[in-house]
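Read left to right, the sequence shown gives residues 48 to 116 (the numbering used here). Worksheet for the structure shown next.
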Amino acid sequence: MTLHARRSHPDDKNVTEADDEDGPDRDPFGDERIEVPEDEMRKAAAPAVLAGRIKRKLNEVATALTYGR
48 MTLHARRSHP DDKNVTEADD EDGPDRDPFG DERIEVPEDE MRKAAAPAVL AGRIKRKLNE
108 VATALTYGR
């Protein structure tokens with residue numbers, strides 16, 4: 048499955064859509080949207096996920112030190 052992000056219009060309710068009916072010869076940079084395969088999106092998001100986990104753990108440690116819990 049390929050996720051398509053596109054610019055939203057004030058009257059447009061759908062910001063993202065998923066479909067595979069465009070075919071393999073489709074231009075990924077056309078139609079004002081950029082297509083990113085799910086596995087590449089997960090790789091790109093990994094540092095942000097890791098940073099969030101580290102932040103949460105640091106907050107837990109700081110809370111424990113501050114309030115003695």
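Yeah, the Cβ is synthetic: ideal placement off N, Cα and C, and Gly gets one too.
Between which two residues does the alpha helix (DSSP H) carrying P71 extend? Going by DSSP, P71 is part of no alpha helix (DSSP H) at all; its letter is neither H nor E.
Sequence-distant residues of its chain with Cβ nearer than 8 angstroms to V108 (five each side left out): Nothing listed; no residue qualifies.
Are the beta-carbon atoms belonging to A95 and V83 less than 9 angstroms from one another? Cβ distance not < 9 angstroms, so A95 and V83 don't count as in contact.
Min CB distance I101 to chain D below 9 angstroms: Among the chains of the structure shown, chain D does not appear; only one protein chain is present.
Give the DSSP-derived three-state secondary structure of E79 in the structure shown. DSSP places E79 in coil when its eight states are reduced to three.
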